[in-house]
Every structure is written in structure tokens, then in C-alpha cells.
Amino acid sequence: MAAHVQHHPEDQEFTIDENGAGAELAYSQDGGTIDFTHTFVEEELRGKGLAETLAKAGLAYAREQGLKVRTSCEFMAGYVQQHPEYQDILA
Numbered sequence: 001m002a003a004h005v006q007h008h009p010e011d012q013e014f015t016i017d018e019n020g021a022g023a024e025l026a027y028s029q030d031g032g033t034i035d036f037t038h039t040f041v042e043e044e045l046r047g048k049g050l051a052e053t054l055a056k057a058g059l060a061y062a063r064e065q066g067l068k069v070r071t072s073c074e075f076m077a078g079y080v081q082q083h084p085e086y087q088d089i090l091a
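Here it is, written out as C-alpha cells:
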């Protein structure tokens with residue numbers, strides 16, 4: 001079963017809730033730039049690819065909104081480095 005990502009623009013985060021445990025990708029947005037600042041996956045959910053699922057959702061949102069991407073988050077910086085299809089939206 002695929003994880004369901006929810007976007008909470010008022011809290012500037014993407015989240016996954018699975019049986020009471022969670023994962024999140026936090027961001028800040030300034031004009032035409034979105035900065036992914038933090039990724040967290042609760043211990044019992046680690047190793048299931050949820051951080052990658054959140055990364056894909058966040059980057060898809062950035063592309064859909066025409067935003068340029070910054071990656072203050074170490075995980076996100078590594079993710080976009082390993083996925084050249086996102087190089088065109090990097091700030």
C-alpha cells in the first residue's frame with residue numbers, strides 16, 4: 001500500500017501518517033523559491049522509503065507551482081543530487 005502524502009501549506013510541510021506514526025518534510029517559501037529545510041521519519045517507519053516519497057511530493061509541488069528549489073535539508077540535497085531530473089528547478 002502506497003503512503004498517502006498530505007500537504008499542509010499553512011504549516012509549510014508535507015506529512016505522512018501511518019498508524020499513528022509520522023514522517024514530515026518541512027519547507028519555507030519566499031516568493032518564487034521554496035527551501036526544503038528538514039526531513040524527519042519516526043523510527044518505526046524508517047527504511048520504508050517514506051522520506052523519498054515526501055521528497056518526490058515536495059519536488060512535484062515545486063515544479064507544478066513554478067518554484068525554484070533550495071535544499072537546506074541534508075537529505076533533500078543528497079536526493080536532488082542523485083536525481084538529475086530535478087536539476088532544472090534548483091535555485
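Residue numbers (the UniProt record's numbering): 1 to 91.
For every residue, glycine included, the Cβ atom is placed at its ideal position computed from N, Cα and C.
For the UniProt domain "N-acetyltransferase" (6 to 91), which segments carrying the beta strand (DSSP E) assignment without a break, of at least 3 residues, lie completely within its bounds, in sequence order?
Counting only runs of 3 or more, we get 13 to 18, 21 to 30, 33 to 41 and 68 to 71.
Compare the C-alpha of residue 46 against each of 57, 68 and 17 and name the closest.
Nearest of 57, 68 and 17 to residue 46, Cα basis: 17.
Can you grab the Cα-Cα spacing for the pair residue 52 / residue 30, in whole Å?
Going by the C-alpha atoms only, they are around 24 Å apart.
Pick out whichever of 22, 9, 86 and 10 has its Cα sitting closest to the Cα of residue 56.
Nearest of 22, 9, 86 and 10 to residue 56, Cα basis: 86.
Report, in whole angstroms, the separation of the C-beta atoms of residue 12 and residue 26, which I expect to be a contact under 8 Å.
With a Cβ gap of about 6 Å, residue 12 and residue 26 count as contacting.
Report buried or exposed for residue 35, applying the criterion of at least 16 other Cβ atoms within 10 angstroms of its Cβ.
Answer is buried; the Cβ neighbour count reaches 16.
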